[in-house]
Each structure stands twice: as C-alpha cells, then as structure tokens.
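Numbering (the UniProt record's numbering), first residue to last: 1 to 386.
Don't be surprised by glycine CBs; every beta carbon is placed ideally from N, CA and C.
Please read the structure below before turning to the comments.
In structure tokens, the structure reads:
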C-alpha cells in the first residue's frame with residue numbers, strides 16, 4: 001500500500017533573489033560575481049605586508065623602536081577588516097517589486113499619463129519629490145519595476161538598484177552604496193596610511209643598512225632563508241608596489257574626502273547633478289563640512305531590507321510503498337465480483353435498501369419483498385460459491 005508523505009524543504013530567500021550576486025555562508029556573505037580583481041587586492045596587500053613583517057620589521061624594531069611593527073600591524077588589521085566588511089556586506093540593494101505591486105504601479109502610470117497613441121513615444125516615467133525646498137526627480141526602473149528612491153541607481157554589473165549608489169568597485173568585489181560606503185572610505189584611508197608607512201620605512205631600512213655596511217654591500221646581502229635572492233631585492237619590490245599604489249590609493253582617498261565634505265556621491269559627481277549647467281544646489285548638503293562628514297561617516301546605518309536569510313518553505317510529496325497495519329475493526333475491502341458470483345461473509349447478509357430508480361415492479365423474475373427483508377440466495381449462486 002502506498003502512503004504519501006509530505007516533507008518540507010527549507011529554502012532561504014537569498015536562493016531566489018534576482019540579480020547577479022553570489023552568496024556564501026548561507027547568505028551571510030554577499031558579493032558580485034566578478035571577484036577576480038578582489039583576489040588580486042588581497043594578494044597585493046597580504047604579500048606586501050608579509051614581506052615587510054618578515055624582513056624589515058625585525059631590523060627596525062631592534063635599531064629604532066619596537067613600536068614600528070606594532071603600529072604597522074594595527075594599520076594592517078584595520079585595513080583588512082574594513083575591506084572584508086565592504087566586500088561581504090549588502091551595499092543597500094532595493095528589492096524588486098512583486099508581480100501585484102508591479103501591476104499596481106503600471107495601473108497608476110497609465111492612469112496618470114493616459115493612453116498613448118500608437119507610434120508615439122510614451123512620456124518618461126518620472127515622479128517629482130521635494131527635499132529641502134528642492135525638486136528631485138524619481139526615475140522609474142524598468143528592470144526592478146519600481147520608482148527608485150532619491151540618490152539610488154541601477155548597477156548594470158550586479159543588476160540591482162542600490163540605495164545612495166556611489167559606484168561599483170571591482171577592487172573590493174562589490175557595489176559601494178549607503179550601507180557600506182563608510183567602510184569603503186575607511187578602507188582606502190587606512191590603506192593609504194599603510195602604504196605610506198611601508199614605503200617610508202623601506203627607504204629607512206635601506207638607508208640604515210647602507211650607513212653601516214655600504215650601499216653595494218647592502219645590495220649583496222642575502223638572508224639565510226633565501227640564499228638565492230638578495231634581501232634588498234625584496235625591499236625594492238615592496239618599494240615599487242607601494243610607489244605605484246600611492247598614486248592611485250592616495251589620490252582616490254583625496255577624491256572621496258572631497259565628496260564626503262560635500263555630501264555627494266561619485267555617481268552624482270560624474271553626472272554633474274549639482275554642478276552642471278543647471279547649477280542646482282545640492283539638497284543633501286548641510287552647508288557645513290563637519291555636519292556632512294558626521295552624516296556620511298557617523299550617521300545611523302539602516303538595516304538590510306533584503307532579509308537574505310528569511311525562510312521560504314516548499315512542500316515536497318514523496319510516495320512510500322509499505323503495508324499499513326489495520327486496527328481490530330478494520331475490514332478488508334470487498335473484491336470485485338463477477339456476474340455469476342455471490343458475496344461471502346457477513347456483508348452478504350446485511351440489509352439492502354433498493355435504489356430509488358428501481359421499483360418492486362421492475363423485478364419480474366424475483367419474488368417481491370418488503371423493505372428490510374433479507375434476500376434469499378438462489379440455487380445458482382450456491383453452486384457458483386462451491
């Protein structure tokens with residue numbers, strides 16, 4: 001006997017989220033799909049710091065101060081923590097509209113714009129919103145089927161609308177938005193300080209060694225663990241990496257410091273939203289550098305609206321073959337009888353009520369009986385039973 005068993009399979013919401021993102025650790029980590037440059041960032045930071053701590057720090061701690069490797073370690077840990085926080089967090093993705101919500105928005109748009117004649121271009125889907133006595137336009141996203149909030153934009157790489165969208169950074173492997181911008185800024189700031197720190201003390205290390213044994217002898221010096229490679233060659237390699245990193249990271253830090261002071265995003269600066277031909281004043285700026293910095297870097301961090309680890313339950317029914325135990329009052333189902341067979345057992349002696357459509361006058365060959373009278377088995381039925 002087959003028994004249907006219903007099993008519930010737990011499905012998290014992150015497994016059904018649209019967009020081009022990857023999730024790890026059961027939805028706790030959220031990144032973009034293109035993570036190759038992010039791994040390069042990790043390699044450069046870890047490799048440069050490993051060489052610095054393995055060779056130069058030991059010499060500088062003895063010759064100058066033991067605080068040199070301690071301060072370098074603090075900068076390194078802070079830079080790595082902010083990098084991972086930026087890369088693994090939700091930047092502020094806005095959920096897409098559900099089918100019912102999208103249909104309702106479409107009805108509102110049709111009611112507002114009216115019927116557009118065939119062949120004519122429909123008007124742009126824009127809503128006007130007032131912020132600090134300044135009119136801001138809310139644009140409609142045809143992918144997410146929503147009117148984007150102020151300062152939000154759709155990322156073409158992650159295929160999501162991000163609140164207070166700044167830019168998509170391949171070096172951190174994620175979008176930079178409202179929920180991780182402060183960590184991104186702290187990362188590039190700490191990385192700039194770490195790069196300057198390592199670059200400076202690498203030069204100090206070469207200078208101190210040259211004063212003691214001469215520059216040529218310093219170039220020929222080899223550590224015991226690496227007899228085939230000069231120790232100064234590794235130092236020069238670190239100097240080159242730091243030198244080329246300085247131009248990009250320090251410059252990027254200065255640019256974002258300027259944006260934070262104005263309470264402006266990279267997307268708004270590129271589009272010229274507040275500095276273009278219109279000369280529209282930035283409605284989000286407080287007119288004070290300290291207030292702008294406090295709002296961007298120290299303001300309350302909104303929670304994620306995705307609910308990535310929420311549960312969606314799906315039922316799956318499976319059939320199992322097996323015998324089902326019967327109780328003491330359970331009877332076997334009656335077998336299908338042929339035209340010449342009679343029923344056996346107590347069920348044949350149970351009173352039968354004639355069908356409404358068949359009257360007593362429609363039984364010419366049988367003896368007519370009153371309701372409740374037991375049927376008398378015929379001799380042919382007895383022979384068929386034997």
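Original post:
residue 312 bridges to which residues according to DSSP?
Top reply: DSSP lists 11 as the beta-bridge partner residues of residue 312.
Original post:
Sorted by chain position, which residues of the same chain lie with C-beta nearer than 6 Å to residue 136's C-beta, five sequence neighbours on each side aside?
Top reply: Within the same chain, residue 136 has close Cβ partners 129 and 150.
Subject >> Cβ shell of residue 59 (< 7 Å), same chain only, five flanking positions each side left out >> reply: If we look at residue 59 and ignore the five residues flanking it on each side, its Cβ neighbours are 205.
Original post:
Would a C-beta distance cut-off of 7 Å place residue 260 and residue 162 closer than the cut-off?
Top reply: Cβ distance not < 7 Å, so residue 260 and residue 162 don't count as in contact.
Subject >> DSSP-derived helix/strand/coil call for residue 78 >> reply: Helix at residue 78.
Subject >> Neighbourhood of residue 234 by C-beta distance below 7 Å, restricted to the same chain and skipping five residues each side >> reply: Taking residue 234 as the centre and dropping the five residues before and after it, the same chain places the C-beta of 51 and 55 closer than 7 Å to its C-beta, in chain order.
Subject >> Beta-carbon proximity of residue 242 to residue 270, cut-off 7 Å >> reply: Contact annotation: residue 242 and residue 270 have beta-carbon atoms that are not nearer than 7 Å.
Original post:
Are three or more beta carbon pairs between the stretch 150-159 and the stretch 290-310 nearer than 8 Å?
Top reply: Counting C-beta pairs closer than 8 Å gives fewer than three between the stretch 150-159 and the stretch 290-310, which falls short of the contact rule.
**OP:** Taking only the alpha-carbon atoms, compute the straight-line gap between residue 42 and residue 32 and give it to the nearest angstrom.
**Re:** Those two C-alpha atoms are separated by around 16 Å.
**OP:** Can you give me the Cβ contacts of residue 286 inside the same chain, cut-off strictly under 8 Å, excluding the 5 residues immediately before and after it?
**Re:** These residues qualify, in order along the chain: 263, 292 and 295.
**OP:** Within its chain, find whatever has a CB closer than 8 Å to the CB of residue 281; leave out the 5 residues flanking it on each side and keep chain order.
**Re:** So the list reads 134 and 274, once near-sequence residues are dropped.
Original post:
Is it buried or exposed for residue 248, if we count other Cβ within 10 angstroms and need 16 for buried?
Top reply: Under a 10 Å Cβ-count criterion, residue 248 is classified as exposed, with fewer than 16 other Cβ atoms of the shown protein chains found around its own Cβ.
Subject >> For residue 134, three-class secondary structure by DSSP >> reply: In the three-state reduction of the DSSP assignment, residue 134 falls in the strand class.
Subject >> Separation of residue 111 from residue 87, as counted between CA atoms >> reply: Rounded to whole angstroms, the separation of the alpha carbons of residue 111 and residue 87 is 42 Å.
Original post:
Thinking just about the alpha-carbon of each residue, which of 309, 25, 196 and 10 is nearest to the one in residue 253?
Top reply: For residue 253, the closest of 309, 25, 196 and 10 by C-alpha to C-alpha distance is 196.
**OP:** Indicate whether residue 23 and residue 30 have their beta-carbon atoms separated by less than 7 Å.
**Re:** Yes, these two residues count as a Cβ contact at 7 Å.
**OP:** Note down, in chain order, each residue of its chain lying with its Cβ closer than 7 Å to the Cβ of residue 266, except the 5 sequence neighbours on either side.
**Re:** Its chain contains 166, 167 and 259 as the residues whose beta carbon lies nearer than 7 Å to that of residue 266, once the 5 sequence neighbours on both sides are disregarded; these appear in chain order.
Original post:
Just the Cα atoms here: how many angstroms apart are residue 70 and residue 61?
Top reply: One C-alpha to the other measures close to 9 Å.
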